[in-house]
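Protein chains in written order, with the working numbering: chain A, 899 to 1296; chain B, 157 to 547.
Backbone N, C-alpha and C fix where the C-beta goes; we use that ideal spot for every residue, glycine too.
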Amino acid sequence: MNRHLLHFFDIWDVLSSEVRRVFKDSTVLLIFFFAPLLYPIIFCFMYKNENVRNLPVVVVDEARCDESKRFIHKMDATPEISVDFRCLNLDEAERLMQTGDAHAIFYFPKDFSQRIATKRTAHIGVFCDMSSFYYYKAALLGSNAVLIDEMHTIELLRYAADGVTGIEAEDQMQPIAYEEITAFNPTGGYGSFFLPVLLVLVLHQTLFLGICLLCGEAYENKRSLLLIPARLRNHSTYRVTLGRALCYLLIYIPIAILDLWFIPRWFHLPQLGNLYTILIFMLPFFLSVIFFSLTVGNFFVRQKITPMLCFVFFSVLLFFLTGMVWPQSNMPRFWLAFSYLFPSTPGVQGFVRISSMGANLAEVRSEYLALWIQAAAYFGTSTLSMKLIRKFKLFNAQ
Amino acid sequence: MLNVIHREIRHIWSEPRYLVILTLGIVLSFVLFATMTSEGQPKRLPVGVVDLDGSYLSRRICHELDATPGVKVYRVYENHTDARRDMQRGNIFAFYEIPKGTYNEVLQFKSPRFVLYNNSAYLLAGTLCYKQLATMGMLATGAVQREVLRKKGVGEDEIMGLIQPVTFETHNISNPWINYGIYLMTTLIPAIIAFIALMHTGYAIASERRRKTLRQWLDTAGGNGLIALLGKLLPYTFWYAMLALIANLIMFGFMDFPMEGSWLLMMLSTILLIFAAQCVAALIACCIPDAPLTMSVCALYSAMSFSLSGFSFPIDSMPEFFHSFSWLYPIRHYFLNYRTIAIYGAGFDQCWPQFCALLAFAAMLLGATLMIQWHYRLELRHDTEGKEVAA
């Protein structure tokens, strides 16, 4: 009993000295407290429009008939498209695309009205700007809605000409009706998709960077050994690792509540989960991030400023490895396995499912398990790394 | 200037670790994106069907759904809850719900109602599944309509006109396959290289301060700040521009990504992109005297670069403030250049504003020069004062 209490005090000692180190270092403070607040807010503002509205398009109307004019008029009325330009020929329209003034061309050929009159299929040419998928999506969404509506109108007329009218015509036109429900991100917006991923990644990356900086600083100033209190130097190092981890965990719990609960709430992101589930899920996430960072920091970081060199491409890689963009079911096996080396993969997958999709812990069981396994494995490696540092230093001292 | 360049190369040579790691990082990202998106569009995405009808028609729909290349039927469910659970587990991205009595209603010319659920929390996968399932729905409707019309004795030509009076002929300029790799890599890879160049340049300048060799560095340049900075930047410009050019060569050459315009302009804008990114780093590093803080500011700045290039979500649809803010990012100009040159094949007459903008980043170098000269003079004065006191 007494011995256990002593262990507890050891951990407390390490924790308090680590807290002092964190608050003495302005760069670490910037990364721990400023970045997790700044980024979510900036990005939430950036993507608050969610979708492209009033995409400027150009129309080339060679048909100049009732049907084409009605079509253009209806397109202009959709929220997605705004018919800003009318050109006489395709060359002119193409120039507008090149300069970036318009992002899609709708071309009504000369025989458009003729084909409709003779009950054949009429064609409309669409040229889309593929430089961003959102241009393509807006152009397609807006014009498709009009297309379906127009088809309906024309079909009704044709059936009427054949002597079929009323409900009978409606039923014949649409023998199977279908209804679409877009779940978990009702507008299909970019913000609601991207921001939950970003929130977790920001926490992951700031924690990683901050811890690596602290490790680098200790190494640079030849103080790695000082992290271990004098009376513990000949004992096992797990208390040191635990004490440091506890310090970071305590700092990050309030930040996590703010970022993962209040920010989605304030910016109206999809939020179906509850706070307790999120916190219980995020506990192993933070533990594994901390131990992962301690491992990397102790083994590889020799200078305070090096972790930031790799920071940018590391963040981008992690983002694409989470499987939120390119789905996990289609990722090559090797990269899928590789992605599970990082806590961000199960962390993001689990958080998005809980928060955006209202899953409970049972439904994210595999991610939850993966995080605990990672936490345990990285706890082992980080303890080992402390041990090696001690060995190395003591050896050098002799 | 040659002396400064020589000195910088010696520095890199004595500590090649970072250059090697960063280059490996670039290669790793390239390989990752190229292999991950090699199918172009994710194919055979898992979807589900909730078959409450269990009839000939619903089975056929499952079967035909499975036969389309875009999706595969992961499971056929007996109730809605199971399907919803599997969606939350991430096993399926969309599902169809076929209500009870569908087949009977079709036979009676009543229109039954299918429900299509798709998960947009996974944007790409959700959208693609939706597209496939919606097309499937249209085809099923068309097939039933055709059967009915045939039985009524309507001619085959007329049937098509009746079912589909108007259609779109879609031409997706420069990316007709809607290949995700093309869309992703053409901007992302140069962006990654540019910002690694930015961080590395920032690191190189910051480490002069750390080692307290600022004076020695400027002495080598004969006290001229601009020459000192240029000499510092150029070895990195050379290395990273070379990597970016090789990457572009692989993408537009070997991987056959569409390239309509002139190679020369594209290469020029790649080199300018790297240089502009370095100029930003030089300004940040010269203005902030503390090395770790320099690196954090560089990181804070570049973390937003991917979003503000506008290739994922268009800048025009962001709030007003970001329209002008994005001009502070070289990658934004590069992306616009890529768009005009590679996609539309336009010449210099269309893209000169972007080239000017990229060149304008060089002005940051002047600001950096002023700052570094000032620090240099401070140190010199400090030194002479020190000597006087000693005398």
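Inter-residue distance for B/PHE491 and A/TYR1057 is about 50 Å (C-alpha atoms, whole angstroms). Assignment of beta strand (DSSP E) within the region 173 to 214 of chain B, counting only whole runs of 3 or more residues, yields 201 to 207 in chain order.
Fewer than three pairs of CB atoms, one per stretch, sit closer than 8 Å, so the region 206 to 221 of chain B makes no contact with the region 159 to 170 of chain B.
B/MET292 and B/LEU221 have their C-alpha atoms roughly 7 Å apart. Under the DSSP assignment, A/CYS985 falls in the beta strand (DSSP E) whose first and last residues are 979 to 985. Close to chain B, meaning a Cβ-Cβ distance shorter than 9 Å, are the following residues of the region 1212 to 1240 of chain A: PHE1212, SER1213, VAL1214, LEU1215, PHE1217, PHE1218, LEU1219, GLY1221, MET1222, VAL1223, TRP1224, PRO1225, GLN1226, SER1227, ASN1228, MET1229, PRO1230, PHE1232, TRP1233 and PHE1236. Going by DSSP, A/GLY1087 is part of no alpha helix (DSSP H) at all; its letter is neither H nor E.
From the beta-carbon of B/ARG269, the residues of chain A found nearer than 9 Å are ILE1074, ALA1075, TYR1076 and GLU1077. Rounded to the nearest whole angstrom, the C-alpha separation of A/LEU1181 and A/SER1030 is 37 Å. Under the three-state reduction of DSSP output, A/PHE930 falls in the helix class. Residue contact check for A/GLU978 against chain B: no CB pair falls below 8 Å. Rounded to the nearest whole angstrom, the C-alpha separation of A/VAL1246 and B/THR179 is 28 Å.
Less than 8 Å separates the beta-carbon of A/VAL912 from that of A/GLY1141. Secondary structure at B/THR369: coil, using DSSP grouped into helix, strand and coil. Taking 8 Å as the upper bound for CB-CB distance, B/ALA524 and B/LEU385 are in contact here, some 6 Å apart. Here A/ILE1151 carries a helix assignment [DSSP, helix/strand/coil]. What B/HIS327 touches in chain A, judged by beta-carbon distance under 9 Å, is ILE1003, GLY1023, VAL1024, PHE1025 and CYS1026, going in chain order. Considering only A/ALA1081, A/PHE1010 and A/ALA1116, the residue with the shortest C-alpha distance to B/GLU325 is A/PHE1010.
In terms of Cβ geometry, B/CYS507 and B/LEU421 form a close pair [threshold 8 Å]. The criterion of a C-beta distance shorter than 8 Å is satisfied by B/ILE471 and B/PHE478. Among the residues of chain B, none has a CB under 7 Å from the CB of A/SER915; the nearest is roughly 20 Å distant. For A/GLY1256, the residues of chain B that pass the 9 Å Cβ criterion are GLN244, in the order they occur in the chain. When beta bridges are read from the DSSP output, A/LEU953 appears opposite A/ILE979. Following the DSSP letters along the chain, one finds A/THR1204 inside the alpha helix (DSSP H) bounded by residues 1204 to 1219. Looking at the backbone, the Cα of B/THR342 and that of B/ASN404 are separated by about 8 Å.
B/VAL206 does not reach chain A, its nearest Cβ partner there being about 12 Å away, counting only Cβ pairs nearer than 8 Å. Ranked by how close their Cα comes to the Cα of B/LEU279, the residues A/LYS1285, A/LEU1269, A/PHE1277 and A/GLN1226 have A/GLN1226 in first place. Just measuring C-alpha positions, the residue of A/ALA1015, A/LEU988, A/PHE1179 and A/ARG918 sitting nearest A/TRP1270 is A/PHE1179.
For A/GLN1169, the closest Cβ of chain B is not nearer than 8 Å. For A/GLY1023, there is no enclosing alpha helix (DSSP H); the enclosing beta strand (DSSP E) has its first and last residue at 1020 to 1027.
Between the alpha carbons of B/LEU374 and A/LEU1177 lies a distance of about 53 Å.
CA-CA distance, B/ALA250 to A/MET1222, rounds to 15 Å.
With contacts defined by Cβ atoms closer than 8 Å, B/VAL229 and B/ARG200 do not form a contacting pair.
Chain-ordered, the chain A residues with CB closer than 8 Å to the CB of B/VAL304 read GLN1070 and PRO1073. Residue-level contact check: A/PHE941 touches chain B, since one or more beta carbons of chain B fall below 8 Å from its beta carbon.
Sequence-distant Cβ neighbours of B/ILE440 in its own chain, meaning closer than 8 Å and more than five residues away, are GLY358, THR450, VAL453, CYS454 and TYR457.
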